[in-house]
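In what follows, a single structure is set out as structure tokens and then discussed.
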Amino acid sequence: MPDRRRRNLVLGAAALAGVSFAAPAYAQSAAQAATQQPLRPEGPVTVTRVDTPRPQVALTFDDGPHHSLTPAVLDMLAARGARATFYVLGSRAARHPELLRRIMGEGHEIGNHTWSHPSLTGLSDANVLSQLDRTNRVIFDAVGRPPITLRPPYGNLSPRQAQMVFDRRGMTNVLWSVDPEDWRRPGTSVVAQRIINHSHTGAVILAHDIHAPTVRAVPAAIDGLIARGFELVTISELLGWPSWNQRNLRLAGTA
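Just so you know, numbering that gives the first Met the number 0 puts 97 at position 98 of the sequence shown, and the rest follows in order with no gaps.
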């Protein structure tokens with residue numbers, strides 16, 4: 000979707016990236032707590048890029064799942080041994096639980112992109128949490144795991160709101176450091192080259208799996224990143240966290 004309000008928010012929220020920490024809101028089951036270390040490490044409130052010595056990048060897709068384009072992206076990722084993170088809309092995810100299961104089953108990560116794609120800065124805390132909780136429930140019901148990161152529509156989440164979500168839901172706000180502006184429809188080759196040329200170690204790359212030209216750019220973009228020596232990993236892997244699909248976390252606020 001058109002994201003014309005991105006730049007101002009990123010400049011404001013980037014100051015939080017990698018520096019703000021709080022106790023996680025997710026909890027283990029009683030049986031696990033006695034024998035296992037916490038499954039979700041403490042982490043930053045907001046991330047735009049990750050300071051890592053590893054030659055890794057995180058390719059992320061917003062606004063899906065799409066009934067035909069998302070499977071095409073998954074096929075392309077599988078053919079190249081690459082992993083990605085899909086920030087899904089709850090209203091779309093509710094119609095395609097089978098795609099959520101495929102995403103997780105193939106080693107990718109699922110994040111929360113709200114229920115209906117509003118600008119969260121204009122909402123009350125209760126309504127922000129409602130947007131996230133409805134989507135968390137759909138994801139959990141489909142795959143048995145709650146997401147641990149969110150991507151706010153348009154990048155619009157104030158620092159105070161980001162802290163509130165982290166404190167109350169244990170979810171890190173993931174923005175981006177590479178934006179090919181695929182929502183402007185600049186053309187398949189332009190999208191691919193922007194991703195390849197602008198990526199850097201620890202980059203979080205923004206894309207959308209609802210635009211056919213973007214999907215057509217994925218093979219060339221991945222091949223170009225691999226040729227530059229990058230490994231494509233999930234957000235959790237980029238942050239050095241345990242694999243998202245192997246955690247036994249419960250929904251925040253549930254018994």
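For each residue, glycine too, the CB sits at the ideal point set by N, CA and C.
Compute the Euclidean distance between the alpha carbons of residue i and residue j, then round it to the nearest angstrom.
| i | j | result |
| --- | --- | --- |
| Leu238 | Ala202 | 11 angstroms |
| Val72 | Ala219 | 12 angstroms |
| Ile102 | Thr59 | 12 angstroms |
| His66 | Asp208 | 10 angstroms |
| Leu38 | Val190 | Annotation note: pLDDT 37 at Leu38 (below 50); position unreliable, coordinate value reported separately. Straight-line Cα distance between these residues: approximately 36 angstroms. |
| Val49 | Thr200 | 8 angstroms |
| Leu224 | Glu230 | 8 angstroms |
| Leu119 | Glu97 | 28 angstroms |
| Glu108 | Pro43 | 18 angstroms |
| Trp240 | Thr84 | 14 angstroms |
| Val56 | Val232 | 6 angstroms |
| Arg168 | Gln130 | 12 angstroms |
| Tyr86 | Ala125 | 21 angstroms |
| His210 | Pro64 | 11 angstroms |
| Leu250 | Asp178 | 31 angstroms |
Using DSSP with H/G/I as helix, E/B as strand and the rest coil, what is residue i?
| i | result |
| --- | --- |
| Ile109 | strand |
| Leu88 | coil |
| Ile209 | coil |
| Thr187 | helix |
| Glu230 | strand |
| Val177 | strand |
| Pro151 | coil |
| Pro70 | helix |
| Pro117 | coil |
| Val44 | coil |
| Ala202 | strand |
| Gly256 | For residue 256 there is no data in the structure shown, the boundaries of the chain being 0 and 254. |
| Ala83 | coil |
| Ala93 | coil |
| His197 | helix |
Along the beta strand (DSSP E) that carries residue i, what are the first and last residues, could you check?
| i | result |
| --- | --- |
| Asp61 | Gln55 to Asp61 |
| Thr171 | Thr171 to Val173 |
Run the CB neighbour count on residue i, radius 10 Å, all protein chains shown included, and call it buried at 16 or more, exposed below.
| i | result |
| --- | --- |
| Asp61 | buried |
| Ala77 | exposed |
| Asp74 | exposed |
| Ser176 | buried |
| Pro151 | buried |
| Glu180 | exposed |
| Asn135 | buried |
| His197 | exposed |
| Arg91 | buried |
| Ala141 | buried |
| Arg144 | buried |
| Gln160 | buried |
Where does the unbroken alpha helix (DSSP H) through residue i begin, and where does it stop?
| i | result |
| --- | --- |
| Arg136 | Asp124 to Val142 |
| Asp50 | Segment: none, Asp50 is in no alpha helix (DSSP H) and carries neither H nor E. |
| His98 | The question names His, but residue 98 is Leu in the sequence shown. Per DSSP, Leu98 belongs to the alpha helix (DSSP H) from Pro96 to Gly104. |
| Pro158 | Pro158 to Arg168 |
Would you say residue i touches the ligand NAP, meaning its beta carbon is less than 7 angstroms from a heavy atom?
| i | result |
| --- | --- |
| Gly42 | Questions concerning the ligand NAP fall outside what the structure shown contains, since it holds no ligand whatsoever. |
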